[in-house]
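Reminder that position 72 of the sequence shown reads as 72 in this note's numbering, one-by-one numbering, no gaps. Below: the structure, in structure tokens.
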Amino acid sequence: MVYSNIKRKKYEEAKKRIKIGSIFVTRYERARIIGARALQVSLGAPILIPLKNVELDAISIAERELEEGILPLTIRRTLPSGEYQDVPLSWLILEK
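Laid out in structure tokens, this is it:
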């Protein structure tokens, strides 16, 4: 019960902040974020999570960073009219 109240509050808060698009990360945004972050990691960018011995792949590291919600990224959502909104990743809800 408490979990559902917390989840509902997070959804309502996201709806207030986000004016363009969904309150969820789309599969296209997710793919773009993981790809961009994996490229950064492969080029030597600092890794933001503690590594396990199993994870040596840049894509799996990027996926874990996204799932843990520690990436300081902003997504620009644009309408055909040219209007846009910059949405921090921390405002969006990550659902699979």
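Just so you know, even glycine gets a beta-carbon here, dropped at the ideal spot from N, CA and C.
With 16 or more other Cβ atoms inside 10 Å of its own Cβ, residue 65 counts as buried. For residue 75, no alpha helix (DSSP H) segment is defined; the enclosing uninterrupted segment is the beta strand (DSSP E) at 74–78. Annotation: residue 28 to residue 43 spans about 23 angstroms, alpha carbon to alpha carbon.
Residue range 84–88 is occupied by the beta strand (DSSP E) that includes residue 87. The beta carbons of residue 86 and residue 74 sit closer together than 8 angstroms.
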